[in-house]
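S.K.: Quick one: structure below, then a few questions.
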Amino acid sequence: MSLLDRLRTLGQDREDLLHGESDPFGVPVEEVYSATEARIGGRTVLLAGTNNYLGLTFDPGCIQAAHDALAAGGTGTTGSRMANGSYASHLELERELADFYGCRFAIIFSAGYLANLGMISALVGPGDVAMIDADCHASIYDGCRLSGADTLRFRHNDPESLDKRLGRLGEQAARTLIIVEGLYSMLGDRAPLQAIVELKRRYGCLLMVDEAHSLGVLGENGRGLAEETGTAADVDFVVGTFSKSLGGVGGFSVSDRPELELVRYSSRPYIFTASPAPSVVASTREALSILRSRPELRERLWHNARQLYGKLEELGYRLGPDVSPVVAARLDTPEKALALWRGLIDEGVYVNLMLPPATPAGQSLVRCSVSAAHTPEQLDRICEAFATLSEQAAHLTRRAGS
Ligand code: PMP
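All residue numbers for the sequence shown refer to our numbering, where the first residue is 982 and numbers rise by one.
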């Protein structure tokens, strides 16, 4: 087998699935009109798979802030935070994040992906344990790899499984970082954080929660699952991203532990990459300020989420266990998921197709994410598209036997 055969095999697998039809992954968005509409394949479609939970990507205040920063600070920093790339605005955003979470310390990274790599590799190393929920995002898995720590997985959202694994660790439990997500991005279910916190306390571990999909979505002030469950004081490190509710790009961690400041000196994904551009920092700061001052966006988001989840459930789609802005229909084969995804595009609705191995338990998902920016008419159109295809999809899921 030659070096490139691995990639060629992958290419063949994709061809077998697609049968020469257009590729649903990395679909080119030809033009974006708003937070909820774009041109794809030469036609205007409704965007229902974006992570744009608060719909802020076209907010006039965010755009103006980015324009101003672009004019004042240039297109990019051309360097790392540890060299020439630490601007006053990075420090201000860090202060604002710390203030938002009521924490003393915050650090920003150039992507949420890098925040997980940077935090995990700084917090644990060889001889330590990273104990992660099996359904954690790829960036958490990759952070564990980079760290060199022993990585153990517990069953998704199963505190009993976590308890068993921690129990087997003996003294190593005290050198263990537990990592979970607030809202899981594939099915939109929440971590059982109170039970996890109890175990973390009992075994003397540290706990990190990735609130990538829960920032701006969960909790009275939009801080995430830790806020919603009243467990924030027991979460040692929160990780998050600017690329979803805040409509930008970048990542962060906040904590009350002063050691977070030392991550700057030991985290390769922080040190060896350029810092976020001034325009991105500026739009993110404005988006954070809007997230804080306009709770009605979160209310609208949840109204929309309940409506879409309820309608799809009524139509017979098999969904994730919790109502949330991530609404995923589970199909029993990749082919059936692909057919539903194509059908929705034909109906003018763009959603996400998620196939194994990127999905938990090898599931084939057609995933929607709802936005506060969806109007009632747009939501009706999304629901109608699913209804048009439901006879076929409901038939397919019923045949799956569950
Ligand atoms: N963590 C989770 C749970 C995510 O879902 C994602 C992105 N899908 C990330 C981290 C990475 O975020 P970013 O897009 O900012 O790199």
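Backbone N, C-alpha and C fix where the C-beta goes; we use that ideal spot for every residue, glycine too.
Quick one: give me the first and last residue of the alpha helix (DSSP H) that D1080 is part of.
M.R.: For D1080, the enclosing alpha helix (DSSP H) covers residues 1069–1082.
S.K.: In chain order, what residues of the same chain have a beta carbon less than 8 Å from the beta carbon of P1239, not counting five sequence neighbours either side?
M.R.: R1085, F1086
S.K.: Between the C-alpha atoms of E1242 and N1065, what's the straight-line distance to the nearest angstrom?
M.R.: 18 Å
S.K.: So what does DSSP say about N1033, is it helix, strand or coil?
M.R.: Coil.
S.K.: Just grab the DSSP bridge partners of G1232 for me.
M.R.: F1090, T1222
S.K.: Consult DSSP for C1364 and reduce its assignment to one of helix, strand or coil.
M.R.: helix
S.K.: Mind reading off the beta-carbon distance from G1197 to G1203? Whole number of angstroms is fine, and I expect it under 8 Å.
M.R.: 5 Å
S.K.: Helix or strand or just coil, what does DSSP make of N1065?
M.R.: It is coil, neither helix nor strand.
S.K.: Beta-carbon separation of S1120 and G1163 under 9 Å?
M.R.: The answer is no: Cβ separation not under 9 Å.
S.K.: Going along the chain, which residues of its own chain have a beta-carbon closer than 8 Å to the beta-carbon of F1218, five neighbours each way excluded?
M.R.: M1100, L1104, L1187, L1188, M1189, V1190, S1234, V1235, S1236, R1238, L1241
S.K.: Give me the residue from G1148, I1089, E1141 with the minimum Cα distance to V1110.
M.R.: G1148
S.K.: Just to check my reading of the structure: A1029 and V1332 have Cβ atoms closer than 8 Å, yes? What is that Cβ distance to the nearest angstrom?
M.R.: 5 Å
S.K.: Could you check where the beta strand (DSSP E) with R1020 kicks off and where it finishes?
M.R.: 1018–1021
S.K.: For D994, count neighbouring Cβ atoms within 10 angstroms of its own Cβ and tell me buried if that reaches 16, exposed if not.
M.R.: exposed
S.K.: Between the Cα of E1280 and those of R989, G1007, L1180, Y1034, spot the shortest distance and give me the residue it belongs to.
M.R.: Y1034
S.K.: Looking only at DSSP bridge pairs, what is Y1331 linked to?
M.R.: L1028
S.K.: Hey, could you find the ends of the alpha helix (DSSP H) A1286 is sitting in?
M.R.: 1276–1295
S.K.: If I follow the unbroken beta strand (DSSP E) through L1188, where does it start and stop?
M.R.: 1187–1191
S.K.: Do you know offhand how far S1383's Cα is from A1353's?
M.R.: Note that S1383 has pLDDT 40, beneath the 50 cutoff, so the model's placement of it is unreliable and the number below is only indicative. Taking the straight line from one Cα to the other gives about 32 Å.
S.K.: Take every Cβ of the segment 1043–1059, pair it with every Cβ of the segment 1304–1311, and state whether three or more of those distances are shorter than 8 Å.
M.R.: These segments do not touch.
S.K.: Three or more C-beta pairs under 8 Å: does that hold for the segment 1315–1332 against the segment 1249–1256?
M.R.: no
S.K.: Using only the alpha-carbon positions, how far apart do E1316 and D1116 sit?
M.R.: Whole-angstrom Cα-Cα distance: 23 Å.
S.K.: Whole angstroms is fine: what's the gap from A1381's alpha carbon to L991's?
M.R.: Only weak support exists for where A1381 lies, its pLDDT of 46 falling under 50; the coordinates are left without a value.
S.K.: Determine the DSSP secondary structure at E1152, reduced to helix, strand or coil.
M.R.: helix
S.K.: Report whether the distance from the Cβ of S1224 to the nearest heavy atom of ligand 1 is below 8 Å.
M.R.: Flag set: Cβ of S1224 near ligand 1.
S.K.: With respect to the alpha helix (DSSP H) encompassing C1125, which residues constitute its N-terminal and C-terminal limits?
M.R.: 1119–1128 is the extent of the alpha helix (DSSP H) around C1125.
S.K.: According to DSSP, simplified to helix, strand and coil, what is V1261?
M.R.: The DSSP-derived three-state label of V1261 is helix.
S.K.: Counting C-beta neighbours from all protein chains within 10 Å, is the total for Q1175 16 or more, i.e. buried, or is it exposed?
M.R.: exposed
S.K.: With G1054 and P1259 assumed to form a contact (beta carbons below 8 Å), what rounded beta-carbon distance in angstroms separates them?
M.R.: The Cβ separation is near 3 Å, so the contact holds.
S.K.: Starting from R1348, follow the beta strand (DSSP E) in both directions and report where the run begins and ends.
M.R.: 1345–1350
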